[in-house]
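Residue numbers (our numbering), protein chains in the order written: chain E, 1 to 295; chain B, 1001 to 1229.
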């Protein structure tokens, strides 16, 4: 393809958008709708992922120290705990602190007024780097001399891990389905545009235009429609997300939900929307023209 | 040059459109191809333009072997063969000038070449004064002249005219044939497919008669043995 033809081909591509105004409008609207759903679902999944991750970080193992050990000996166990590979933090809680927590937890219930600090053990509150390895780490903790007992909520940690995995699978599946839907609709739009210009394409073939020359204006058209859809969807997503966060923050007085600011997601969102727009635009038009070129 | 050597073309349904056609048309020749409907004329045109491949035998067109041609070479073959149809196949929303320029543009011609060549070709076919009109505003004869201009503009070595006078009255038909002869005199090979016996008799050129996929006559006087069934 000669350089001097590129201007002509681009011009033809843009001309096609206005020539088939309604179909172009429909294609952009459909792309916007699909990308908005994909984008919203991805952001929701991302936020849920972070929330689950944060909740998961609160999962901990309680490590009880042999009550016959002195305070100094009990504190020295912390060094051994920290040598294990999966330990994020090991906080020492003395039996006196444990009693205070116990009383606070039971709201000063007189039934427990006889409980003394000596009745309790020194303990460590251990948080892990990777909660999926909780069982293995728990077993290692039990091996440490001076540790008499541990208490770990495996089910809870595994529950969080399962929720995260399911969330990832559902996100990928929904995104894939929506991308295919966008692709089919854009492809159909270009197909209709091409049907409208079937005679023109026939003449181009008859006088010896190459397939690449015939195809490029349609690909330019598809690319432009895809990018227009992506740009609009991105802007709308931003506005809607900010509005939603603001609305939730006014009703979420307990601060149960924490959302990532859109600005933090800016680059990944630009990349995802741009790539999706590019993909549906180019692949949609490229595949739909094939049939018309076979003359 | 066109050369058919023992060409057989069968369609998937099993019927044979051509059954051992051999013929040769030299560069610069003017030749009529005649035969009844379904005799194989369209198949011959499609083989020449690379729309079809022969089932067996050899087809050579302007240096390309059609039985071996690659898909990506077909556009380049077509640039050597201008085609004119009975129904003109013009783009109604383009002007006369744009219709002709379009044919140059889509094969990658420069704007300067287009500006030089299009007026020359329009003058050759007698449409210089109608460059700004649209096909719908012109008579059938003028539209066919425009189709010839478009076929000619990329300077092909050969023009194939498929029933070019099929939609025209006798007077316009003679004018179109005279124009094709004039173009032939400038050196372009001409293959005209027609049913019009008067035209064939009047212009007294080589006539290839085909019937049921076989060449039944070939020569200057051969046409007189052919009857349209």
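All C-beta atoms in this analysis are idealised placements derived from N, C-alpha and C, irrespective of residue type, glycine included.
task = With 9 Å as the threshold, decide whether the Cβ of residue 1154 of chain B is near any Cβ in chain E.
result = yes
query = Does DSSP put residue 1068 of chain B in a helix, in a strand, or in coil?
reply = Residue state, collapsed to three classes: coil.
request  = Give the interface partners of residue 209 of chain E over in chain B, defined as CB-CB distance under 7 Å, in chain order.
outcome  = 1075, 1106 and 1107
ask   = Any idea which residues DSSP pairs residue 1033 of chain B with across the strands?
value = The partner list for residue 1033 of chain B (beta bridge, DSSP) reads B:1193 and B:1208.
ask   = Would you say residue 1103 of chain B reaches chain E, if we count a Cβ-Cβ gap shorter than 9 Å as a contact?
value = yes
message = Three Cβ pairs or more, each shorter than 8 Å: is that satisfied between the stretch 178–191 of chain E and the stretch 20–28 of chain E?
response = yes
inquiry  = With a threshold of 7 Å on Cβ separation, who are the neighbours of residue 90 of chain E within its own chain once the five nearest residues in sequence on each side are excluded?
reply    = Correct list, in chain order: 78, 81, 82, 124 and 126.
query = According to the neighbour-count rule (16 or more other Cβ atoms, all chains shown, within 10 Å of its Cβ), is residue 1226 of chain B buried or exposed?
reply = Residue confidence for residue 1226 of chain B is low, a pLDDT of 49 falling below 50, so the modelled location carries little weight and cannot support an answer.
message = Output needed for residue 152 of chain E: all residues of its chain with C-beta closer than 7 Å, excluding positions within five of it in sequence on either side, in chain order.
response = Result list for residue 152 of chain E: 61, 134 and 138, in chain order.
query = Would a check of beta-carbon distances place residue 205 of chain E closer than 9 Å to chain B?
reply = yes
key: Buried or exposed by the 16-neighbour rule on C-beta atoms within 10 Å, applied to residue 1054 of chain B   = buried
message = Let me see if you follow: with CB-CB separation under 9 Å, is residue 1091 of chain B close to chain E or not?
response = yes
inquiry  = Given a cut-off of 9 Å on the beta-carbon distance, is the pair residue 13 of chain E and residue 220 of chain E in contact?
reply    = yes
request  = Using a threshold of 9 Å, state whether the C-beta atoms of residue 1141 of chain B and residue 1176 of chain B are closer than that.
outcome  = yes
key: Beta-carbon gap between residue 1008 of chain B and residue 1038 of chain B smaller than 9 Å   = no
request  = Establish whether the CB of residue 221 of chain E and some CB of chain B are separated by less than 9 Å.
outcome  = By the rule that beta-carbons nearer than 9 Å mark a contact, residue 221 of chain E does not touch chain B.
key: Nonlocal neighbours in the same chain, by C-beta distance under 6 Å from residue 38 of chain E, ignoring five residues either side   = 175 and 178
key: Span separating the alpha-carbon of residue 121 of chain E from that of residue 252 of chain E   = If I take the Cα positions, the gap works out to 39 Å.
ask   = Name the residues in the stretch 53–79 of chain E whose C-beta lies less than 9 Å from a C-beta of chain B; which are they?
value = none
request  = Name, in chain order, the residues that DSSP records as bridge partners for residue 1060 of chain B.
outcome  = Per DSSP, the beta bridge partners of residue 1060 of chain B are B:1003 and B:1065.
ask   = Which of helix, strand or coil does DSSP assign to residue 1090 of chain B?
value = coil
request  = Report, in whole angstroms, the separation of the C-beta atoms of residue 132 of chain E and residue 141 of chain E, which I expect to be a contact under 8 Å.
outcome  = So it is not a contact: roughly 16 Å between Cβ atoms.
query = Checking contacts by CB at 9 Å: is residue 1134 of chain B closer than that to chain E?
reply = no
inquiry  = I want to verify the contact list: residues of chain E whose CB lies under 8 Å from the CB of residue 1079 of chain B, in sequence order.
reply    = 207 and 208
query = Identify the residues that DSSP records as bridge partners of residue 164 of chain E: which are they?
reply = None, per the DSSP bridge assignment.
key: Alpha-carbon spacing of residue 286 of chain E relative to residue 244 of chain E, whole angstroms   = 38 Å
inquiry  = Determine whether the beta carbon atoms of residue 1159 of chain B and residue 1213 of chain B lie at a separation below 9 Å.
reply    = no
inquiry  = Against chain E, with Cβ distances strictly below 9 Å, would residue 1049 of chain B count as a contact?
reply    = yes
Per DSSP, cross-strand counterpart(s) of residue 123 of chain E = E:64 and E:93
ask   = In chain D, which residues lie with their C-beta within 9 Å of the C-beta of residue 1083 of chain B?
value = Note that chain D does not occur in the displayed structure, where the protein chains are E and B.
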